[in-house]
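Q: The structure's right below; bear with me while I get my questions together.
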Amino acid sequence: QSVDQAIPTLAQLWRLLIPEAERKQLTSGDVGRLIVMPDGPLAMLPFEALVVERGDAPTYLLDAGPPVHYGPSATVMLNLRQRAGNASNSEAPVLSVGDPNYPRSGEPSSESTNEGIDSGTRYASLGGQLPRLPFTAWESSWVNDVFAKRGFGVERLIGEQATEANVRTQSAGRRYLHLACHGLADHAHGNLFGSLALTPGAAASVPADDGFLTLAEIYELDLRSCELTILSACNTNYGPQQRGEGVWTLSRGFLVAGSRRVVASNWVVDDQAAASVISYFASGIANAEEKQQPVDYAQSLNAAKKWVRQQEKWSSPYYWATFVLVGPN
47 QSVDQAIPTL AQLWRLLIPE AERKQLTSGD VGRLIVMPDG PLAMLPFEAL
97 VVERGDAPTY LLDAGPPVHY GPSATVMLNL RQRAGNASNS EAPVLSVGDP
147 NYPRSGEPSS ESTNEGIDSG TRYASLGGQL PRLPFTAWES SWVNDVFAKR
197 GFGVERLIGE QATEANVRTQ SAGRRYLHLA CHGLADHAHG NLFGSLALTP
247 GAAASVPADD GFLTLAEIYE LDLRSCELTI LSACNTNYGP QQRGEGVWTL
297 SRGFLVAGSR RVVASNWVVD DQAAASVISY FASGIANAEE KQQPVDYAQS
347 LNAAKKWVRQ QEKWSSPYYW ATFVLVGPN
């Protein structure tokens, strides 16, 4: 929907979902955090986009309310909060992945490992329709710079190095994992083949390095040291509903693999706007780490969304509301 079409619906949902007393409390400035544990279709709704006042220009809960984070259930949230993590890699606690090389992305290179992509691979089945995401390179560079300037070692996997095999082997032991790429949801098979699209490896016909890090493969990652995974990709918090199990999303896979919390998207993202949200968000985390303060992830993401919302071309919630924090603050 366009913004004009969505505003009445978002205003109605604000009144329907939130009782009057809680509406007043949430916009009073006295609430420090809002934790949402949605069920059913509400799992796809970022509450920050609810319209608390229409007026000449809409006021969203993002503008008037507290930072928000989400959880699959109270039990899962408690388990994530109490989860004992392993020590992270002291030399390079941050792994940033971006700008994968996609076959037929419009930028062929004689040095690319993609020239020999077999016609039977999943990339071929997509018809070579995954375009390059140029702002993911800028985003990864920003993440690298804000942490490196504060004394944090960063490992980067960019372009040809951003293979599924490299992500699998190098993600263990990281405190922060950042992946900026295409995200693909799979509704036909319970999101079993939902995936992050990375650079196909030398053996692209082998599922373990075909360039698609699927939900089943994400479950097998060792992320026990990971405080936060950032999924800067489309539809990473979007998936089919499983009765009694909630929504099967890529973000869920990273939680199961050991990450304490995940930032993920509820719908298709704009490449440049996503890079801006995540870069601002990463800066907030790096600043807190430099000062050796507890990281307020919900507040950092809230501030990033507010900054992007203030840019006229990105004022629509389509651009800033898609990213949500799943897990404890």
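Per my numbering, the sequence shown starts with residue 47, numbered consecutively. Glycine included, every Cβ here is placed at the ideal spot set by N, Cα and C. Remember, it's a predicted structure, so these values are computed and weren't measured experimentally.
With a Cβ-Cβ cutoff of 8 Å, do Cys-280 and Ser-311 count as a contact?
A: It is a contact, given that the beta carbons lie within the stated cut-off.
Q: In chain order, what are the residue ranges of uninterrupted beta strand (DSSP E) at least 3 long that sit wholly in the region 207 to 293?
A: Entirely contained in the region 207 to 293, the beta strand (DSSP E) runs reaching 3 residues are, in chain order, 222 to 226, 228 to 230, 241 to 243, 258 to 260 and 274 to 278.
Q: Would you report the Cα separation of Gly-78 and Thr-368, rounded to the nearest angstrom?
A: The alpha-carbon atoms of Gly-78 and Thr-368 are separated by roughly 21 Å.
Q: Does the separation of the CB atoms of Tyr-106 and Leu-371 fall below 8 Å?
A: No, they are not a contact pair.
Q: Relative to the C-alpha of Leu-88, which candidate in Gly-236, Arg-355 and Gln-287 has its C-alpha closest?
A: Measuring from the Cα of Leu-88, the nearest candidate turns out to be Gln-287.
Q: Can at least three beta-carbon pairs, one atom from the region 120 to 128 and one from the region 221 to 229, be found at a separation below 8 Å?
A: The region 120 to 128 is not in contact with the region 221 to 229.
Q: Residue ranges of each alpha helix (DSSP H) run of no fewer than 4 residues wholly in the region 54 to 132, ordered along the chain?
A: DSSP runs (the alpha helix (DSSP H)) wholly in the region 54 to 132: 66 to 72, 107 to 110 and 120 to 128.
Q: Per DSSP, Leu-296 forms a beta bridge with which residues?
A: Bridge partners of Leu-296: none, in fact.
Q: Go through its chain and collect everything with a Cβ distance to Thr-282's Cβ below 7 Å, but skip five positions before and after it.
A: Here the set comprises Gly-229, Thr-295, Leu-296, Ser-297, Ala-310 and Ser-311.
Q: Mind checking Glu-94: buried by the 16 CB within 10 Å criterion, or exposed?
A: It is buried - the Cβ of Glu-94 has at least 16 other Cβ atoms within 10 Å.
Q: Which residues in the same chain have their Cβ closer than 6 Å to the Cβ of Thr-260, if we skip the five residues on either side of it in sequence?
A: Correct list, in chain order: Phe-239 and Ser-241.
Q: Taking the beta strand (DSSP E) that Leu-179 belongs to, which residues open and close that run?
A: Run containing Leu-179: none; DSSP gives neither H nor E here.
Q: Between the C-alpha atoms of Gly-276 and Tyr-343, what's the straight-line distance to the nearest angstrom?
A: It should be noted that the sequence gives Ile, not Gly, for residue 276. Approximately 11 Å between the Cα atoms of the pair.
Q: Rounded to a whole number of angstroms, what is the C-alpha to C-alpha distance between Lys-337 and Ser-325?
A: Their backbone Cα atoms lie some 19 Å apart in a straight line.
Q: Does DSSP put Gly-373 in a helix, in a strand, or in coil?
A: In the structure shown, Gly-373 sits in coil (DSSP, three-state: anything other than H, G, I, E or B).
Q: In three-state DSSP terms, what is Pro-363?
A: In the structure shown, Pro-363 sits in a helix (DSSP, three-state: H, G or I).
Q: Span of the alpha helix (DSSP H) holding Asp-145?
A: Unbroken run through Asp-145 is the beta strand (DSSP E), 140 to 146; no alpha helix (DSSP H).
Q: Could you tell me the alpha carbon to alpha carbon distance between Asp-268 and Ala-262, rounded to whole angstroms?
A: For Asp-268 and Ala-262, the distance between alpha carbons rounds to 13 Å.
Q: Quick check on the DSSP output: what are the complete beta strand (DSSP E) runs of length 3 or more inside the region 290 to 356, in order along the chain?
A: With a minimum length of 3 residues, the continuous beta strand (DSSP E) runs that stay inside the region 290 to 356 are 308 to 311.
Q: How big is the Cα-Cα spacing for Gly-101 and Gly-373?
A: Answer to the nearest angstrom: the Cα atoms are 34 Å apart.
Q: Quick check: the Cα distance between Pro-253 and Asp-232, rounded to an integer number of angstroms?
A: One C-alpha to the other measures close to 17 Å.
Q: Spatial neighbours of Leu-72 within its chain, please: C-beta separation below 6 Å, excluding the five flanking residues on both sides.
A: If we look at Leu-72 and ignore the five residues flanking it on each side, its Cβ neighbours are Gly-111.
Q: Quick one: grab the DSSP three-state call for Glu-137.
A: Glu-137 falls in the coil class under three-state DSSP.
Q: How would you label Glu-185, buried or exposed, when you count the other beta carbons within 10 angstroms and need 16 or more for buried?
A: Burial call: buried.
Q: Among Leu-179, Arg-214, Ser-142 and Ala-183, which has the Cα closest to the Cα of Phe-198?
A: Checked all of Leu-179, Arg-214, Ser-142 and Ala-183; the closest Cα to Phe-198 is Ser-142.
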